[in-house]
Ligand SMILES: [Zn+2]
């Protein structure tokens, strides 16, 4: 009697053993270009709720990088039929945000890196952000024509199209700037 024919202890006790064949999925890793063999547990079928686009993701057994491959919805459905779990994802909300100003450059990123290494990085970063949104010279010009009311957060918020919080911080920076100049 071979090992396969020998009933195991569960079968002797009358339990029926059901074995599921392991489904092999072949894919090409977009990172290292190797053809790899995966099983259904290694793969996740992905559907983007915003665009309806399909893809599948896995960690490449060759280069160990987590990769995703664009796929037709039919491929996704086929994978799900073979026991692959399906995950529906949504685009990050930040994509819907309205952005103005120049794009972040490598130099900006390097500057940020150095700022983060200094003590007081938060107030430095805050001052940079606020003065980019409400340039101090423009603000002092605006205040000069605005009946000299240097605490009108609402007017500053409206003029520069920023939140009252940013307007308040900008007014604080302008005050510090004026005091430093005196
Ligand atoms: Zn790879």
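In the working numbering, the protein residues as written are 1 to 182.
Beta carbons are placed, not taken as given, at the ideal position from N, Cα and C, and that holds for glycine.
- The DSSP-derived three-state label of residue 97 is coil.
- CA-CA distance, residue 96 to residue 50, rounds to 12 Å.
- By the neighbour-count definition (other C-beta atoms within 10 Å, threshold 16), residue 56 is a buried residue.
- Following the DSSP letters along the chain, one finds residue 65 in no alpha helix (DSSP H), marked with neither H nor E.
- Listed in chain order, the non-local C-beta contacts of residue 66 below 6 Å within the same chain comprise 59, local neighbours out to five positions each way being set aside.
- Straight-line measurement puts the Cα of residue 52 at about 10 Å from the Cα of residue 89.
- For residue 121, the CB contacts under 7 Å within the same chain, skipping 5 residues up- and downstream, are 115 in chain order.
- Among the bridge pairs identified by DSSP, residue 87 is matched with 46.
- Where residue 82 is concerned, there is no enclosing alpha helix (DSSP H), because DSSP gives it neither an H nor an E.
- Rounded to the nearest whole angstrom, the C-alpha separation of residue 68 and residue 117 is 34 Å.
- Judged by beta-carbon spacing, residue 157 lies beyond the 7 Å limit of residue 134, meaning their Cβ atoms are not closer than that value.
- Counting the other Cβ atoms within 10 Å of the Cβ of residue 123 gives fewer than 16, which makes it exposed.
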